[in-house]
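**Q** Got a structure for you, questions after.
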Amino acid sequence: MSELTNDATQKLAVNLPLTSEQEKLVKQILAFTKKHINGDTPAIFTVYGDAGTGKSVVLAHLFNKIQLAARTEKDSPLYQTKNYFLVNHPEILKVYKEIAGKQANLYKKDFTRPTSLINGLDKKQTKVDVVVIDEAHLLLSHRDAYNNFTYDNQLVEIIKRAKVIISVFDQYQVMRTKTYWSTEQLEEITHQYPHEDYHLTHQFRMNASSELINWFNTFTDESKVIPFPQNARNGYDFRVFDDAEKMRQEIVKRNQEVGLARILSTTGYPSILDGKKHYIKEGKFKMPWDQYNYTVKPWAEIPETINEVGSFYTCQGFDLNYTGIILSPPFYQVPDTNQIQIDTSKFTDTEAFKRRTDLFDDKELEQVKMRLFMNQINVLFKRGIYGTYLYAHDPLLRKTLYEYYQKLIKD
Numbered sequence: 166m167s168e169l170t171n172d173a174t175q176k177l178a179v180n181l182p183l184t185s186e187q188e189k190l191v192k193q194i195l196a197f198t199k200k201h202i203n204g205d206t207p208a209i210f211t212v213y214g215d216a217g218t219g220k221s222v223v224l225a226h227l228f229n230k231i232q233l234a235a236r237t238e239k240d241s242p243l244y245q246t247k248n249y250f251l252v253n254h255p256e257i258l259k260v261y262k263e264i265a266g267k268q269a270n271l272y273k274k275d276f277t278r279p280t281s282l283i284n285g286l287d288k289k290q291t292k293v294d295v296v297v298i299d300e301a302h303l304l305l306s307h308r309d310a311y312n313n314f315t316y317d318n319q320l321v322e323i324i325k326r327a328k329v330i331i332s333v334f335d336q337y338q339v340m341r342t343k344t345y346w347s348t349e350q351l352e353e354i355t356h357q358y359p360h361e362d363y364h365l366t367h368q369f370r371m372n373a374s375s376e377l378i379n380w381f382n383t384f385t386d387e388s389k390v391i392p393f394p395q396n397a398r399n400g401y402d403f404r405v406f407d408d409a410e411k412m413r414q415e416i417v418k419r420n421q422e423v424g425l426a427r428i429l430s431t432t433g434y435p436s437i438l439d440g441k442k443h444y445i446k447e448g449k450f451k452m453p454w455d456q457y458n459y460t461v462k463p464w465a466e467i468p469e470t471i472n473e474v475g476s477f478y479t480c481q482g483f484d485l486n487y488t489g490i491i492l493s494p495p496f497y498q499v500p501d502t503n504q505i506q507i508d509t510s511k512f513t514d515t516e517a518f519k520r521r522t523d524l525f526d527d528k529e530l531e532q533v534k535m536r537l538f539m540n541q542i543n544v545l546f547k548r549g550i551y552g553t554y555l556y557a558h559d560p561l562l563r564k565t566l567y568e569y570y571q572k573l574i575k576d
């Protein structure tokens, strides 16, 4: 694997070939955009798809074509339109801005965060034509003073300020209560306007068998730990460890061999006394969790992050070649069953699970917390292109997974 392959900008490059389905979808959205660009009401096109189904690739190609038409095609209905590409994820935004620096018709200023666009348009008392939204499941669905967002819903405010809105959405990548969405809530808004919906289903990222991907989904959707499918290791480096340090050492080897191999985990490890740093400690294993990335490079592409543990904050939307995933303290297996439970009292990432009195009461909040936590681990499960390694903090869950793995490699 070359360094080029490991560059996130290359994986979203607008000159890469699309599949026939993706090409057809880009043409369909372009036709929709041209049809509604001068309409009397906003129009919305939504692309649905799980992690790894190529949603961002479609958007990158689409936006390049929109801006090409806006800036060079005098006979196009999109000529001289003002268009923006939004993403509420700082790591992904860095990638798009870097791509823009290499393309004649894409400017870095075309790419921004939703709040920045909304507040900027308010200052100028103006509107825009087309807004493309990557990772729409990260849009704020509640006001957030920390992010300088003073309205109630980012999607609603974007619709008020644009003619055509194109977004991609995955309900299983909703991670925090302040960005809480369901498909039903989304469509309550989008289906008020002229709209089209499209569902992408083909998994592009992982070389894993569909049966192993289904195993990951069973774990997160049904809270069950079941035996691994017999083809779990067919063409895919799937392993389970009973020692986190040994898993780290293997991830380091993969990183030396091909790059983009990282350790990932979810919340559940207490911070040290100053309240700022979390360390994951499992036997001889000890590394800091979820360090904020102040550089312009994506977290996974910084060589030093091989000495950190990533989270969904730093890796959502990105490919990794190999992942070593630590199932953190909130996960535990119920004795004498195959059920997985979540102890929400062990959550240490309080920011992700704040109360939302406008959406649910305290009892419902507990259920929402568990769903969001499972969404977080599902995102981590879907990162590794060539391999996924697992280790569980809970002794019983660790034992069960390791025994299933030993049976798998012996059969």
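If you want the numbering used here, it's the 1-based position in the sequence shown plus 165. Glycine included, each C-beta is placed from N, C-alpha and C at the ideal position.
Kindly identify the DSSP beta-bridge partner or partners of Tyr363.
**A** Taking the first residue of the sequence shown as position 1, residue 363 is located at position 198. In DSSP, Tyr363 forms a bridge with Val212.
**Q** Is the separation between the beta-carbon of Val533 and that of Gln481 shorter than 7 Å?
**A** Position 368 of the sequence shown, counted from the first residue, corresponds to residue 533. Position 316 of the sequence shown, counted from the first residue, corresponds to residue 481. Their beta carbons are not under 7 Å apart, which means Val533 does not touch Gln481 by this criterion.
**Q** Starting from Ala557 and walking both ways along the alpha helix (DSSP H), at which residues does that stretch end?
**A** Residue numbering aside, residue 557 sits at position 392 when the sequence shown is read from its first letter. That residue, Ala557, is in no alpha helix (DSSP H); its beta strand (DSSP E) goes 549 to 557.
**Q** Mark Asp559 as exposed unless 16 or more other C-beta atoms lie within 10 angstroms of its C-beta, in which case mark it buried.
**A** Translated into positions along the sequence shown, residue 559 becomes position 394. With 16 or more Cβ atoms within 10 Å of its Cβ, Asp559 is classed as buried.
**Q** Run through the region 365 to 389 for me and flag every whole alpha helix (DSSP H) of 4 or more residues, listed as ranges in chain order.
**A** Whole alpha helix (DSSP H) segments, 4+ residues: 375 to 387.
**Q** Which of the three DSSP states, helix, strand or coil, is assigned to Leu251?
**A** The residue labelled residue 251 in the question sits at position 86 within the sequence shown. In the structure shown, Leu251 sits in a strand (DSSP, three-state: E or B).
**Q** Would you report the Cα separation of Asn399 and Lys528, rounded to the nearest angstrom?
**A** Taking the sequence shown and counting its residues from 1, one reaches residue 399 at position 234. Taking the sequence shown and counting its residues from 1, one reaches residue 528 at position 363. For Asn399 and Lys528, the distance between alpha carbons rounds to 43 Å.
**Q** Specify the secondary structure class of Asn458 as computed by DSSP and reduced to three states.
**A** Within the sequence shown, residue 458 is the residue found at index 293, counting from 1. Looking at Asn458 - three-state DSSP - the assignment turns out to be coil, as it is neither helix nor strand.
**Q** Starting from the C-beta of Thr184, find all residues in its chain whose C-beta is less than 8 Å away, skip the five residues before and the five after it, and write them out in chain order.
**A** To locate residue 184, count along the sequence shown from 1; it is residue 19. Answer for Thr184: Gly219, His367, listed in chain order.
**Q** Please state if the CB of Ala265 and the CB of Leu271 are separated by a distance shorter than 7 Å.
**A** By one-based count along the sequence shown, residue 271 stands at place 106. By one-based count along the sequence shown, residue 265 stands at place 100. Cβ atoms of Leu271 and Ala265: closer than 7 Å.
**Q** Using the rule of at least 16 other Cβ atoms within 10 Å of the residue's Cβ for burial, across every protein chain shown, is Tyr459 buried or exposed?
**A** Sequence index remark: in the sequence shown, residue 459 carries index 294 (1-based). It counts as exposed.
**Q** Taking the straight line between their C-alpha atoms, what separation do you get for His627 and Lys575?
**A** It is not possible to answer for residue 627, since the shown part of the chain is limited to 166 through 576.
**Q** Select from Trp380, Lys462, Ile507 the residue whose C-alpha is nearest the C-alpha of Glu256.
**A** Residue 256 sits at position 91 when you count from the first residue of the sequence shown. Considering only alpha carbons, the answer is Lys462.
**Q** Is the beta carbon of Met412 closer than 7 Å to that of Phe406?
**A** By 1-based counting over the sequence shown, the position of residue 406 is 241. By 1-based counting over the sequence shown, the position of residue 412 is 247. Cβ atoms of Phe406 and Met412: closer than 7 Å.
**Q** Determine the DSSP secondary structure at Asn313, reduced to helix, strand or coil.
**A** In the sequence shown, counting from the first residue as 1, residue 313 sits at position 148. Here Asn313 sits in coil by DSSP.
**Q** How about Pro494 and Gly433: are their beta carbons less than 7 Å apart?
**A** Indexing the sequence shown from 1 puts residue 494 at position 329. Indexing the sequence shown from 1 puts residue 433 at position 268. Cβ atoms of Pro494 and Gly433: closer than 7 Å.
**Q** Under the assumption that Tyr345 contacts Arg521 (Cβ atoms under 8 Å), give the Cβ distance between them as a whole number of angstroms.
**A** Translated into the one-based positions of the sequence shown, residue 345 becomes position 180. Translated into the one-based positions of the sequence shown, residue 521 becomes position 356. Tyr345 to Arg521, Cβ: 6 Å. Contact.
**Q** Going by DSSP in three states, Gln268 sits in which element: helix, strand or coil?
**A** To locate residue 268, count along the sequence shown from 1; it is residue 103. Correct three-state label for Gln268: coil.
**Q** Whose C-beta lies closer than 8 Å to the C-beta of Asn372 among residues of the same chain, with five residues either side of it excluded?
**A** What you label residue 372 is simply residue 207 of the sequence shown in a count that begins at 1. Excluding sequence neighbours, Asn372 sits near Gly400, Tyr401, Ile550, Tyr551.
**Q** In whole angstroms, give me the CA-to-CA distance for Ala397 and Glu376.
**A** Along the sequence shown, one-based indexing puts residue 397 at 232. Along the sequence shown, one-based indexing puts residue 376 at 211. Between Ala397 and Glu376, the C-alpha separation is close to 7 Å.
**Q** Pair every Cβ in the region 493 to 507 with every Cβ in the region 559 to 569, then say whether three or more of these pairs are closer than 8 Å.
**A** At 8 Å Cβ cutoff, the stretches touch.
**Q** Mind listing, in chain order, the continuous alpha helix (DSSP H) runs of no fewer than 4 residues lying wholly within the region 470 to 558?
**A** As far as the region 470 to 558 is concerned, its whole alpha helix (DSSP H) runs of at least 4 residues are 477 to 480, 527 to 546.
**Q** Applying the 10 Å Cβ sphere with the 16-neighbour rule, what's the burial state of Tyr487?
**A** Position 322 of the sequence shown, counted from the start, is the residue given in the question as residue 487. Buried, by the Cβ-count rule.
**Q** In whole angstroms, give me the CA-to-CA distance for Leu190 and Val223.
**A** The sequence position of residue 190 within the sequence shown is 25, counting from 1. The sequence position of residue 223 within the sequence shown is 58, counting from 1. For Leu190 and Val223, the distance between alpha carbons rounds to 8 Å.
**Q** Measuring only the C-alpha atoms, how far is Val423 from Thr355?
**A** Residue numbering aside, residue 423 sits at position 258 when the sequence shown is read from its first letter. Residue numbering aside, residue 355 sits at position 190 when the sequence shown is read from its first letter. For Val423 and Thr355, the distance between alpha carbons rounds to 42 Å.
**Q** Around the C-beta of Asp215, are 16 or more other C-beta atoms found within 10 angstroms, so that it is buried, or is it exposed?
**A** In the sequence shown, the residue the question calls residue 215 occupies position 50. Label assigned to Asp215: buried.
**Q** State yes or no: is the C-beta of Gln541 within less than 7 Å of the C-beta of Phe477?
**A** Walking along the sequence shown from the start, residue 541 turns up at place 376. Walking along the sequence shown from the start, residue 477 turns up at place 312. Yes. Within cutoff.
**Q** Do you know whose CA, among Ile330, Glu186, Tyr567, lies nearest His201's CA?
**A** Numbered from its first residue, the sequence shown carries residue 201 at position 36. It is Ile330 whose Cα lies nearest to the Cα of His201.
**Q** So for Lys289, helix, strand or coil by DSSP?
**A** As a working note, residue 289 is residue 124 in the sequence shown. Lys289: helix per DSSP, three-state reduction.
**Q** Mind checking Leu181: buried by the 16 CB within 10 Å criterion, or exposed?
**A** Numbered from 1 along the sequence shown, position 16 holds the residue referred to as residue 181. It is exposed - the Cβ of Leu181 has fewer than 16 other Cβ atoms within 10 Å.
**Q** In this structure, what does DSSP give as the bridge partners for Arg427?
**A** The count along the sequence shown starts at 1 and reaches residue 427 at position 262. Arg427 is bridged to Thr488.
**Q** Nearest by alpha-carbon distance to Ile491: which of Ile428, Ile467, Ile194 is it?
**A** By 1-based counting over the sequence shown, the position of residue 491 is 326. Looking at the Cα atoms, Ile428 is the closest of the given residues.
**Q** Count the other CB atoms, across all protein chains shown, that sit within 10 Å of the CB of Asn420; report buried if there are 16 or more and exposed otherwise.
**A** Along the sequence shown, one-based indexing puts residue 420 at 255. Classification for Asn420: buried.
**Q** Is Asp240 helix, strand or coil by DSSP?
**A** Sequence index remark: in the sequence shown, residue 240 carries index 75 (1-based). Here Asp240 sits in coil by DSSP.
**Q** Less than 7 Å between the C-beta atoms of Glu322 and Ile298, yes or no?
**A** If you number the sequence shown from 1, residue 322 lands on position 157. If you number the sequence shown from 1, residue 298 lands on position 133. No, the pair does not count as a contact, with Cβ atoms beyond the cut-off.
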